[in-house]
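> I have a structure I would like to understand better, so I am pasting it below and will then ask my questions one at a time.
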Ligand code: XMP
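In the working numbering, the protein residues as written are 3 to 329.
Listed below in structure tokens is the structure:
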């Protein structure tokens, strides 16, 4: 398949158009792959999940999915990948618990870009180790989408997550959604029967909660980020903000403040920062006007349910001057 979207290609907006695309891709994948095996790094994000579901339909157990849990995923994500792909779709799924490896590598590293580099490099190393254990893999599937191609400078910039594998592990690529825009990938995902919270999920950075556990990552603050993020997502969903607000999450800084508990005793714990923003292209962003009563309710829940936290802040800053993430 060429890397340029034909001008005649209709935008996929309906289940019928999605089904036609799915049938066409199943044929193309079968033709390309034959009886060979295909490897896929399955993060549980929209793009890799749609590619996995397409390939499972086309070639079933010839697809080997590798899900690397680096410890920086949101609450419930690894479990959902296992439930949807292994239990419901009967996929060949290798689950790698690499939590300790990643957290050990990241220990004491406070500089945001250094953290990103470590997470990216370690991901490739874990994936490479899994790939080497497998025999007879000839293809690598990737969730490349059209904006990735448009954004990569003439193929100079590696545009997807497993670019960077060593020379002797270069596979032929299978990229069935590479001509689709994000909204089309979602329509196809829905037609493939993936759950709504997978298909319509908000953007989530590759380094995951790693860039929201500010400064040097510690397990207690990482847990506070994960638990407070889960509460925020639950409350936004319950109150009609899911799907309306473009991106929302929590971050936990690496300092403590003084507080007081219900028995009047002094506490010294971390704050949680709530961020909720709207944007078209992530280049600039405005802050969502979240109802004050909802913020009060979320604050109550976070301070009573999340360990090591005694204060909640709401980030009022648009992009620019702030960026969307804190790191
Ligand atoms: P910033 O913080 O730059 O974020 O305003 C813009 C959008 O990009 C996401 N983001 C990342 N995504 N790897 C990613 O895959 C990263 O290292 C990364 N950093 C930021 C961010 O969540 C927002 O949607």
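Where a beta carbon is used, it is the ideal one built from N, C-alpha and C, also for glycine.
Excluding the five sequence neighbours on either side, which residues of its own chain have a C-beta within less than 8 Å of the C-beta of residue 160, listed in chain order?
Counting from 1 along the chain shown, the entry for residue 160 is found at position 158. In this prediction, residue 160 has a pLDDT of 45, which is less than 50 and means its spatial position is unreliable; what the coordinates show is noted afterwards. Excluding positions up to five away in sequence, the list reads 154, 166.
> Taking all protein chains shown into account, do 16 or more other C-beta atoms lie within 10 angstroms of the C-beta of residue 262, making it buried, or fewer, making it exposed?
Residue 262 sits at position 260 when you count from the first residue of the chain shown. Exposed, by the Cβ-count rule.
> So is the beta-carbon of residue 321 under 8 Å away from any non-hydrogen atom of ligand 1?
Working through the chain shown from its first residue, we reach residue 321 at position 319. Yes, ligand 1 has a heavy atom inside 8 Å of this Cβ.
> Along the chain, which unbroken stretches of the alpha helix (DSSP H) at least 4 residues long are found entirely within the segment 72 to 148?
Counting only runs of 4 or more, we get 79 to 83, 101 to 108, 114 to 135.
> Would you mind listing the alpha helix (DSSP H) stretches within the segment 4 to 46 that are 4+ residues and don't spill past its ends, in chain order?
Taking only runs of at least 4 residues, the alpha helix (DSSP H) segments lying wholly in the segment 4 to 46 are 17 to 35.
> Does the segment 235 to 254 touch the segment 265 to 281, meaning 3 or more C-beta pairs lie closer than 8 Å?
The segment 265 to 281 is in contact with the segment 235 to 254.
> What residue from 61, 48, 64 has the CA that sits closest to residue 200's CA?
Taking the first residue of the chain shown as position 1, residue 200 is located at position 198. With distances taken between Cα atoms, residue 200 lies closest to 48.
> Using a threshold of 8 Å, is the CB atom of residue 1 nearer than that to any non-hydrogen atom of ligand 1?
Nothing about residue 1 can be read from this structure; the chain reaches only from 3 to 329.
> In whole angstroms, what is the alpha-carbon distance linking residue 8 and residue 149?
Numbered from 1 along the chain shown, position 6 holds the residue referred to as residue 8. Numbered from 1 along the chain shown, position 147 holds the residue referred to as residue 149. Between residue 8 and residue 149, the C-alpha separation is close to 15 Å.
> At a cut-off of 8 Å, is residue 149 close to ligand 1 when judged by its beta-carbon and the heavy atoms of the ligand?
Working through the chain shown from its first residue, we reach residue 149 at position 147. No - ligand 1 has no heavy atom lying nearer than 8 Å to the Cβ of residue 149.
> Enumerate, from N- to C-terminal direction, the unbroken beta strand (DSSP E) stretches of 3 or more residues contained entirely within the segment 243 to 267.
249 to 253, 259 to 262, all fully within the segment 243 to 267.
> Secondary structure at residue 290, three-state DSSP: helix, strand or coil?
Here residue 290 corresponds to residue number 288 of the chain shown, with the count starting at 1. In this structure, residue 290 counts as coil in the three-state DSSP scheme.
> For a test of the three-state rule: what should DSSP assign to residue 159, helix, strand or coil?
Counted from its first residue, the chain shown places residue 159 at position 157. Its pLDDT being 40, under 50, residue 159 is placed unreliably by the model, and the measurement read from it follows with that caveat. Coil.
> Out of 220, 64, 95, which has the shortest C-alpha to C-alpha gap to residue 32?
By 1-based counting over the chain shown, the position of residue 32 is 30. Closest option to residue 32, Cα to Cα, is 64.
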